[in-house]
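Trainee:
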Amino acid sequence: MKKDARFYGKLFFATFCLSAFTFGGGYVIVPLMRKRFVEQYHWIEEQEMLDLIAIAQSSPGAMAVNASILVGYRLAGLCGALVTVVGTVLPPLIIISVISLAYQAFRDNAVINLLLKGMQAGVAAVIANVVVSMASGIFRQKRILPIFIMLGTFLASAVLQVNVALCILACAVIGLLDTVYQRRHGNKEAGK
Amino acid sequence: MIYLELFWSFFQIGLFSIGGGYAALPMIQQQIVDLHGWLTMTAFTDVITIAEMTPGPIAINAATFVGTQMAGLPGAVIATLGCVTPSCIIVIFLAWLYSKYRELWAVRGVLSGLRPAVVGLIAAAGISIIALSFWNGKLLEFSLAGLDYLAIGIFVVAFFVLQKWKPNPIYVMLGAGVLGLAAYSIF
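Line by line, the protein sequences give chains A and B. Quick note: the first sequence uses our numbering, first residue 5, plus one each step. Quick note: the second sequence uses our numbering, first residue 7, plus one each step.
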């Protein structure tokens with residue numbers, strides 16, 4: 005991959021567009037990034053994307069910003085991270101600056117309200133879709149533990165409202181212990 | 007020096023909001039309502055409403071809103087900068103560690119536990135978005151009467167389109183918005 009002006013332009017434009025559409029919380033950027041960087045550009049592999057998301061989730065700050073920095077750094081080092089963080093921050097910065105000047109008119113606009121209501125349902129579908137395809141990837145591994153971890157974190161977070169950072173930490177420890185156990189028992193596949 | 011105060015306040019918000027999204031709210035409220043009095047509680051609630059209706063992380067939205075109100079566009083830029091600086095430093099350090107050590111068996115073990123966890127967490131976030139969309143966020147008043155059937159219809163159509171043709175999700179969201187505008191206007 006050539007790191008020329010065209011590459012940086014493409015990277016900036018991609019993150020700018022993704023950020024402009026992350027309605028409803030940071031996780032929405034996951035399906036968008038996956039589509040763009042994994043499926044369209046083939047710049048990052050599926051497994052690696054999941055790793056980057058896990059790191060973004062366990063770091064302080066906004067998830068979408070963290071994920072963008074990680075993707076930028078992974079693709080083109082510090083320069084790449086700079087390009088992606090600016091691309092991610094600009095859309096909300098521009099939009100909120102405009103809105104904060106005319107907030108009342110915006111909030112009372114019936115057309116905008118209905119449009120946003122429809123988009124909310126669309127966002128829900130996008131998230132549901134990415135969960136289905138990611139979960140089927142986990143099921144295809146045909147191992148009990150990952151499936152157990154996936155369902156466990158879902159219940160802990162959705163039903164029991166356990167802190168996300170705590171979930172991440174617990175799963176990191178479980179993954180590590182599992183790998184230690186497999187290595188002790190001479191499984192060469194451990195950690196794959 | 008308002009610029010310095012804005013930067014420092016949002017630097018702390020960026021540094022201590024772990025878990026993303028609404029986990030950052032108490033921290034933001036403490037800094038801009040309780041500590042500095044930059045916004046009233048009503049204005050703060052408005053910021054949350056705007057953040058829900060517009061793209062972008064809630065902390066960035068709050069930074070831009072408060073910055074604009076306090077010191078115009080330069081204020082917005084500086085508050086946003088303060089908000090992302092801790093992320094930049096910490097995440098780039100972690101990214102460097104990842105690229106250097108990801109082949110180590112121990113790191114691979116940790117990551118093998120995190121991958122399924124991420125899927126579970128995304129599913130949990132998805133459930134709360136579905137609740138917001140289908141019941142207008144009133145999950146506690148969970149009832150059939152409060153169901154928004156149009157939202158469910160749009161959800162089903164959008165999900166089907168995504169599964170069948172795998173288009174770019176951005177177009178699906180825009181399409182859902184237009185569909186919502188048309189459907190809610192008619193019914």
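Ideal Cβ positions, reconstructed from N, Cα and C, are used throughout, including at glycine. The structure presented is a predicted model; accordingly, all values stated were derived computationally and were not measured.
Could you tell me whether the Cβ atoms of VAL135 (chain A) and ALA129 (chain B) are closer together than 8 Å?
Mentor: yes
Trainee: Run down chain B in chain order and give the residues with a C-beta less than 7 Å from the C-beta of CYS171 (chain A).
Mentor: ALA123 and LEU127
Trainee: Residues of chain B with a CB under 8 Å from the CB of ASP55 (chain A): which are they?
Mentor: TYR104, ARG108, LEU117, LEU120 and ARG121
Trainee: For ASN167 (chain A), count neighbouring C-beta atoms within 10 Å of its own C-beta (all shown protein chains included) and say buried if the count is 16 or more, exposed if not.
Mentor: With a 10 Å radius around the Cβ and a threshold of 16 neighbouring Cβ atoms, ASN167 (chain A) comes out exposed.
Trainee: Hey, quick one: how far does the alpha helix (DSSP H) through MET7 (chain B) stretch, first residue to last?
Mentor: Counting along the chain, MET7 (chain B) falls outside any alpha helix (DSSP H), and DSSP gives it neither H nor E.
Trainee: Is PRO173 (chain B) helix, strand or coil when you go by DSSP?
Mentor: coil
Trainee: Does LYS146 (chain A) get closer than 8 Å to chain B when you measure Cβ to Cβ?
Mentor: no
Trainee: Are any of the Cβ atoms in chain B nearer than 8 Å to that of ASN203 (chain A)?
Mentor: Nothing about residue 203 (chain A) can be reported from this structure: the residues present for chain A run from 5 to 196 only.
Trainee: How far does the alpha helix (DSSP H) with THR183 (chain A) in it extend, from its first residue to its last?
Mentor: 168 to 188
Trainee: Hey, PHE25 (chain A) and GLY91 (chain A): beta-carbon distance below 8 Å or not?
Mentor: Not in contact: PHE25 (chain A) and GLY91 (chain A) (Cβ atoms no closer than 8 Å).
Trainee: Taking 8 Å as the CB-CB cut-off, is CYS83 (chain A) touching chain B?
Mentor: no
Trainee: Assuming PHE2 (chain A) and MET179 (chain B) form a contact by the criterion Cβ under 8 Å, report the distance between their Cβ atoms to the nearest whole angstrom.
Mentor: Summary: the structure shown does not reach residue 2 (chain A), with chain A confined to residues 5 through 196, and so no result is reported for it.
Trainee: Checking contacts by CB at 8 Å: is ILE48 (chain A) closer than that to chain B?
Mentor: no
Trainee: Using a beta-carbon distance below 8 Å, is LEU15 (chain A) in contact with chain B?
Mentor: no
Trainee: Can you tell me which of B:ALA57, B:PHE13, B:PRO122 and B:PHE99 puts its alpha carbon nearest to the alpha carbon of ALA30 (chain B)?
Mentor: B:ALA57
Trainee: When Cβ atoms are compared, which residues of the stretch 159 to 170 of chain B fall closer than 7 Å to chain D?
Mentor: Note that chain D does not occur in the displayed structure, where the protein chains are A and B.
Trainee: Report the start-end ranges of each beta strand (DSSP E) in the stretch 108 to 136 of chain B that is 3 residues or longer and not cut off at the edges.
Mentor: none
Trainee: Expressed to the nearest angstrom, what Euclidean distance is found between the alpha-carbon atoms of LYS121 (chain A) and THR86 (chain B)?
Mentor: Approximately 27 Å, taken between the alpha carbons.
Trainee: Compare the Cα-Cα distances from PHE3 (chain B) to each of B:VAL163, B:GLY159 and B:SER15 and report the closest residue.
Mentor: The structure shown does not extend to residue 3 (chain B), since chain B is modelled only from 7 to 193, so the question has no answer here.
Trainee: With distances taken Cα to Cα, identify the nearest neighbour of PHE16 (chain B) among B:PHE71, B:LEU127 and B:PRO122.
Mentor: B:PHE71
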